[in-house]
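Counted from 1, the sequence shown has number 64 at position 19 by the numbering used here; the numbering is strictly sequential. What follows is a set of notes on a single structure, which appears directly below.
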Amino acid sequence: MPDKNSHGNPQRVPIPSRDGAPPAEPAGSPRDYSHGNPERVPIPSRDGAPPAEPAGSPRGKSSDDPIESMASDACTPYPAQVPPELDVFEFDLGPALARLRGRHDLLIYMHDNPDPDALAAAFGLKRLVEHALPIKATLVLGGIVGRAENRAMVETLRIPLVVAEAVDPAAYDALAIVDSQPETGNNSLTPGRSVDVVIDHHPAREESAQVPWRDIRPELGATSTIIVEYLRARNVPLDTFLATALFYALRAETRDLGREATHAERVAYLFLFPLVDFHLLSRISQPKVPREHFAALDRALRSAQVLGDLVAVNMGSIAYPDLVAEVADLLLAWEGAHFVLCCGCYGDRFYLSLRTEPSERRAGALMRQLISSEGAAGGHGTMAGGRLFRAIATEPEQRATFDQMVNRLLDLIGRKSPPISPLIGS
Ligand SMILES: [Mn+2]
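Put into structure tokens, the structure is as follows:
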């Protein structure tokens, strides 16, 4: 049984105020999304010395080592500029922006427990609208920023978030949502309130049809790709923080352009590359984590079951919702896995994460079938997530729900009573 106290943490990430003043100390704030890291990531000083050139790595130096020569021969030259023919931009941004004219305060939602793609897209949309219009945009956080990389991203790149409980949507005259859509069940939008902007790369939903600024491109690998196109189209100056956020989002969302990335992601990646601070990027992608992180991984590995080519993990109680996605990503690396299903409870909420090999590009559809009307589900070809609506209060209930989900998934993928064994141990 996991230690429920392991993530109660006195230190909180500062919550930014609405008017852009420095974040107030979040004493008594309604939600703790720091989940257990006692050490705050220090905010980098922008006037710090640039990172030193690594010693002993002269560029372009020929080598007698045959392996090294082969490697350099195999390198494709990096284009200095994105060729103009690759710079295709279909969406008509002018009329979209014009529809927001006369509004003063835009509230930008992401899906709850936002990932790097959602965070960077919202951050970039804020920059775009504030550059193009006399409008103030606020990023609203539903759920928590749990994963260490995502927390490092928010803190290092100073992404200004306001928790949903501290926001009165009625005080805003425009609403946007990125990397999600109205009525998906995975965001904190007020039900029934009309939305002005939806920008997403998940399959379009009926509820989005009435949104005036609607840019939904399921063919893309990331929502941030759309935002990069917008910023380029309007020549919005990008600072290092925003460029690094968007770049990290592209990397994380597509696993370094290897998962569901399209040509558009590669174009955006090349555009951002010269603007990225790789020192900051490294702090984000190699974050320091609390001891509890390893305890959670240990628990996950020990409870991982192999059922043919499916690995299923019941994590029990988890410190933050996206831990299930983190572990699912980790376990897909196992050579025998074609599918990974990872489940866990955050409080009384049951979360699921599914990963598939690229040869089985139906994770989103599988997750929707798996959950059907019992919860909210979303995802793409090889990655999907979901949450059940009903509360799962006890451990036996949690175990029963896990077993039910695993059996359902085995049915859906046509695996009849596969051999079962633990992933590790005997
Ligand atoms: Mn996304």
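Idealized CB from N, CA, C, for every residue including glycine. Since this is a predicted model, take the numbers as computed values, not measurements.
Practice task
Indicate whether residue 195 and residue 430 have their beta-carbon atoms separated by less than 9 Å.
Solution key: Translated into positions along the sequence shown, residue 195 becomes position 150. Translated into positions along the sequence shown, residue 430 becomes position 385. Their beta carbons are not under 9 Å apart, which means residue 195 does not touch residue 430 by this criterion.
Practice task
Just mark residue 102 as buried or exposed, buried being the case when its beta carbon has 16 or more other beta carbons within 10 Å.
Solution key: Here residue 102 refers to the residue found at position 57 when the sequence shown is read from its first residue. Low confidence applies here, because residue 102 scores a pLDDT of 37, under 50, leaving its location unreliable and the question unanswered by this model.
Handout entry: Near ligand 1: residue 308 beta-carbon under 8 Å from a heavy atom
Key = Walking along the sequence shown from the start, residue 308 turns up at place 263. Answer for residue 308: no, Cβ out of range of ligand 1.
Practice task
Would you list the residues sitting across from residue 327 in a DSSP beta bridge?
Solution key: Mapped onto the sequence shown, residue 327 falls at position 282. None, per the DSSP bridge assignment.
Exercise for the section: Label residue 233 either buried or exposed according to how many other C-beta atoms from any shown protein chain fall within 10 Å of its C-beta, with 16 as the threshold for buried. Expected result: Locating residue 233 in the sequence shown gives position 188, counting from the first residue. That one is buried.
Exercise for the section: Go to residue 140, then tell me how far its alpha helix (DSSP H) extends in each direction, as first and last residue. Expected result: In the sequence shown, the residue the question calls residue 140 occupies position 95. Note, residue 140: alpha helix (DSSP H), 138–143.
Practice task
Report the rounded CA-to-CA distance for residue 224 versus residue 190, giving the unit in angstroms.
Solution key: Against the sequence shown, residue 224 aligns to sequence position 179. Against the sequence shown, residue 190 aligns to sequence position 145. Roughly 15 Å between the two C-alpha positions.
Exercise for the section: For my contact list, residue 322 and residue 285 are in at a C-beta cut-off of 8 Å; report their separation, rounded to the angstrom. Expected result: By one-based count along the sequence shown, residue 322 stands at place 277. By one-based count along the sequence shown, residue 285 stands at place 240. Confirmed, about 5 Å.
Exercise for the section: Confirm the yes/no value for this check: CB of residue 246, any heavy atom of ligand 3, distance under 8 Å. Expected result: Although ligand 3 was asked about, the structure shown includes only ligand 1 as ligands.
Exercise for the section: Flag this pair as touching only if the region 202–209 and the region 248–259 have three or more C-beta atom pairs under 8 Å; answer yes or no. Expected result: no
Problem - Three CB pairs or more closer than 8 Å across the region 306–316 and the region 335–348 - result: no
Practice task
Taking only heavy atoms of ligand 1 into account, decide whether any of them is closer than 8 Å to the Cβ of residue 135.
Solution key: The count along the sequence shown starts at 1 and reaches residue 135 at position 90. For ligand 1, not one heavy atom lies less than 8 Å from the Cβ of residue 135.
Exercise for the section: Answer with buried or exposed for residue 237, where buried requires no fewer than 16 other C-beta atoms within 10 angstroms of its C-beta. Expected result: Residue 237 sits at position 192 when you count from the first residue of the sequence shown. Label assigned to residue 237: exposed.
Exercise for the section: Could you check what DSSP says for residue 457 in three-state terms: helix, strand or coil? Expected result: In the sequence shown, residue 457 corresponds to position 412, counting from 1. Helix.
Problem - Minimum C-alpha distance to residue 148 - residue among 166, 175 and 159 - result: Position 103 of the sequence shown, counted from the start, is the residue given in the question as residue 148. The shortest Cα separation from residue 148 among 166, 175 and 159 belongs to 175.
Practice task
Using a threshold of 9 Å, state whether the C-beta atoms of residue 156 and residue 424 are closer than that.
Solution key: The residue you call residue 156 lines up with position 111 of the sequence shown. The residue you call residue 424 lines up with position 379 of the sequence shown. In this structure, residue 424 does not lie closer than 9 Å to residue 156 by Cβ.
Problem - Check: residue 160 C-beta below 8 Å from any heavy atom of ligand 1 - result: To locate residue 160, count along the sequence shown from 1; it is residue 115. Yes.
Problem - Heavy atom of ligand 1 within 8 Å of residue 260 beta-carbon - result: Within the sequence shown, the letter at position 215 stands for residue 260. No, the beta carbon of residue 260 sits no closer than 8 Å to any heavy atom of ligand 1.
Handout entry: Cβ-heavy atom distance, residue 528 to ligand 1, below 8 Å
Key = The question about residue 528 has no answer, for the chain in this structure spans 46 to 471.
Problem - Stretch-stretch touch, CB-based, cutoff 8 Å, three pairs: the region 378–396 with the region 348–366 - result: yes
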